[in-house]
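See below for the structure under consideration.
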Amino acid sequence: MYIEHTFGPFYKSDSRILILGTMPSPKSREEGFYYAHPQNRFWRIMAELFQEKTLENVQEKMAFLEKHKIALWDVLFSCEIQGADDSSIKNPKPNKINRILYEADIQAIFTTGKKAYDLYRKYCYPDTKREAISLPSTSPANCRMSYAELLEEYKIILQYL
């Protein structure tokens, strides 16, 4: 199925880190915001990392991102994809990541998952000339990593804020 990104990036001019996924899942497209699948561990990891309460809705998530100077977007603007299966991605078209890099004070770029990292390296790095740090996916599909292991990996974010 051919999908276009249905919502824009979240960032402010004082955002210090940029976290990139591949493409919004069907649940995220339905909700209109990032990492919306209830079994995705992204928001639980982020809340615990910053010792914050559980983030319940989009408004709380946006306030959290703004407070902690975090920008979110995805590597891809469009692609063919089956559901939320990154391994099925075909005909990817990247987002213009420089848009955020020109408008915000980004100190580090992170990708969530190997596919996001590989797509960033192939399609975005030639324009941005900015290295990305690959973090493991928080998707329920990444069941080989425990919550504790993910939390430990994501602690690197704190070094850039």
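Following my numbering from start to finish, the sequence shown increments by one per residue and tops out at 1190. Glycine included, every Cβ here is placed at the ideal spot set by N, Cα and C. It should be emphasised that the depicted structure is a prediction, and the values quoted were computed from it without experimental measurement.
Could you give the DSSP three-state label for residue i: helix, strand or coil?
{"i": "Cys1108", "result": "strand"}
{"i": "Leu1084", "result": "coil"}
{"i": "Tyr1176", "result": "helix"}
{"i": "Glu1147", "result": "Per the sequence shown, the amino acid found at residue 1147 is Asp instead of Glu. The answer is helix: DSSP assigns Asp1147 an H, G or I state."}
{"i": "Ser1057", "result": "helix"}
{"i": "Ala1076", "result": "helix"}
{"i": "Asp1103", "result": "strand"}
{"i": "Asp1134", "result": "coil"}
Could you check if residue i is buried or exposed, using at least 16 other CB atoms within 10 Å of its CB as the buried criterion?
{"i": "Asp1114", "result": "exposed"}
{"i": "Lys1184", "result": "exposed"}
{"i": "Leu1187", "result": "exposed"}
{"i": "Gly1050", "result": "buried"}
{"i": "Lys1096", "result": "exposed"}
{"i": "Lys1119", "result": "exposed"}
{"i": "Pro1038", "result": "buried"}
{"i": "Ala1177", "result": "exposed"}
{"i": "Tyr1131", "result": "exposed"}
{"i": "Asp1156", "result": "exposed"}
{"i": "Gly1061", "result": "exposed"}
{"i": "Arg1031", "result": "It should be noted that the sequence gives Tyr, not Arg, for residue 1031. When all chains shown are included, Tyr1031 counts as exposed."}
Kindly give me the distance between the Cβ atoms of residue i and residue j, rounded to whole angstroms, as I take these residues to be in contact under 8 Å.
{"i": "Pro1055", "j": "Thr1035", "result": "The pair is not a contact, with the Cβ atoms about 11 Å apart (cut-off 8 Å)."}
{"i": "Tyr1063", "j": "Gln1136", "result": "Their Cβ separation, rounded to whole angstroms, is 20 Å, which puts Tyr1063 and Gln1136 out of contact at 8 Å."}
{"i": "Leu1179", "j": "Pro1165", "result": "6 Å"}
*With contact counted as at least three CB pairs below 8 Å, one residue from each stretch, are the stretch 1076-1089 and the stretch 1100-1108 in contact?*
no
*asked:* Check whether the stretch 1073-1085 and the stretch 1116-1132 are in contact - that is, three or more C-beta pairs closer than 8 Å.
replied: No, the stretch 1073-1085 does not touch the stretch 1116-1132.
*Below 8 Å, can you find three or more Cβ-Cβ pairs linking the stretch 1061-1073 to the stretch 1156-1165?*
The answer is no - the stretch 1156-1165 does not touch the stretch 1061-1073, with fewer than three Cβ pairs under 8 Å.
*Is it a yes or a no for the stretch 1141-1154 touching the stretch 1034-1044, going by three-plus beta-carbon pairs under 8 Å?*
no
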